[in-house]
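Throughout the sequence shown, residue numbering follows our numbering, covering 112 to 448 in sequence.
The beta-carbon is built from N, C-alpha and C at its ideal position, and this holds for glycine as well.
Since the structure comes first, as structure tokens, the remarks are kept for the end.
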Amino acid sequence: MSEEQKIDWTSSEIGNLWNIYIANSMAVCMFRHFLLNVEDEEVKDCLLAADELSKKILSQLENLFTTEGMAVPQGFSEADVNAKAPKLFSDSFYLNYLDMMVKYGALYYSVALPGFSKMDLRHLITDINISSLNLSNKVTEVMLEKGLHVRPPYIPTPSEVSFVEKQSFFNGYFGDKRPLTAMEITHLFLNTQVNAVKMILVMGFSQVAKHEEVREYFLRGKKINIKQHNILSQIMYKEELPVSIPSQFMVTESTEAPYSDKLMLFHISNLSSAKVRNFGDSMAVSPRHDLGATYIRFLMETANFAEDGGNIQIEHEWLESQPRNVDRNQLAKQKKN
């Protein structure tokens, strides 16, 4: 056995691998019901590819956990899927949902990679990320063919180099506002698109949730998403930039849950945490004061919403605990007793 293999996993390696396992166990459950109801063959091919990738990741991680002597997370399973439930979302939504989730996955793997020190794990995460990026390209290609891919707004291509000359570059509330920069537009656009997908997802979940408090939580999430979407869209409208959502997004009239409340609540709460990261990234590349203030407000609102979702999960004993450090003070007290 080499010296590299004898080295224990770090907290970063344990935490990230645990997160990746939980997320992919949830994804497999989502895909299972999608695949039972999808009608479009090209959309089905994309879902099959995503399902195959997630199952491969789960198998690889289970082997690693067993070898390392680490408990395999419970995550989500077939018990969290109602295979007999009617279709809840349209095929076009399946594709847009998959587009969002694959992008989130690729982003997570890229951000997680620097936290890995063992080369075998770095190679694993790199391979997973490459597979995710290839899948993202496949999904985008199908969306383009079907007219479902919404391109970011166009702006004139600069013909010469220019420099910022006045502090008014940062103005947002007082004085003249400059036009939005390319990156400010990019993040406004991306946030509206994510909000649109999440809005449809939470709308569908609110129709089928069994527990009243979970249902109310989803309805609250829908209101937050609509409000944030309208505010971001209004900023773009004022700049005469187009904002569009695929009209094919659709939630059926089904009220029978395809997933457990545990899975749906985790999913929405987890997506809210991802949105918090999005807003932080957007704030970092948006110098205009009004944009920064808007993102701060959204960040706090979304973080509170995500925490409330976590509290409901805890109340129902649905929230699986992440690996954590030992409590040294508690160990000392036990020794004393």
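query                                                                                                                      : result
Contact belief for V261 with S344 at Cβ below 8 Å, rounded distance in angstroms                                           : Not a contact, Cβ separation roughly 13 Å.
Sequence-distant residues of the same chain with beta carbon closer than 7 Å to M254, five excluded per side               : L206, D210 and H260
Where L147 falls, given that 16 or more other Cβ within 10 Å makes a residue buried                                        : exposed
Span separating the alpha-carbon of L352 from that of N336                                                                 : 20 Å
Three-state class that DSSP yields for F274 in the structure shown                                                         : coil
Residue closest to P380, alpha-carbon to alpha-carbon, out of R399, Y370 and N415                                          : Strictly speaking, residue 380 in this sequence is Ser, with Pro absent from that position. Answer by Cα proximity: N415.
Ranges of the alpha helix (DSSP H) found wholly within the segment 292 to 345, counting only runs of at least 4            : 293 to 319
Beta-carbon proximity of I133 to G186, cut-off 8 Å                                                                         : yes
Buried or exposed (CB count within 10 angstroms, at least 16 for buried), M314                                             : buried
Beta carbon proximity, M137 to chain D, threshold 8 Å                                                                      : Although the question refers to chain D, the structure presented lacks it and comprises just one protein chain.
Identity of the residue in D401, G421, K444 and A417 nearest S290 by Cα                                                    : Note that residue 290 is Pro in the sequence shown here, rather than Ser. With distances taken between Cα atoms, P290 lies closest to D401.
Those residues which DSSP pairs with Y406 across a bridge                                                                  : None; Y406 has no bridge partner.
Status (buried if at least 16 other CB within 10 Å, exposed otherwise) for F145                                            : buried
Three-state secondary structure assigned by DSSP to L169                                                                   : helix
H378 beta carbon less than 8 Å from that of M492                                                                           : Here the chain comprises residues numbered 112 to 448, so residue 492 is not present and cannot be evaluated.
Pairwise C-alpha distance: N389 and N406                                                                                   : What sits at residue 406 in the sequence shown is Tyr, not Asn. Those two C-alpha atoms are separated by around 9 Å.
Simplified DSSP state of V192, which is helix, strand or coil                                                              : strand
Beta-carbon contacts of W129 that lie in its chain and below 7 Å, excluding the five residues immediately before and after : P184, Q433 and P434
4 or more residues per run - each alpha helix (DSSP H) lying fully within the segment 359 to 424                           : 372 to 395
Enclosing alpha helix (DSSP H) for S136 [first to last residue]                                                            : S122 to N148
Where E179 falls, given that 16 or more other Cβ within 10 Å makes a residue buried                                        : exposed
Sub-8 Å separation of F142 and I311 beta-carbons                                                                           : no
N135 beta carbon less than 8 Å from that of S165                                                                           : yes
6 Å CB neighbourhood of Q318 in its chain, flanking five on each side removed                                              : T366
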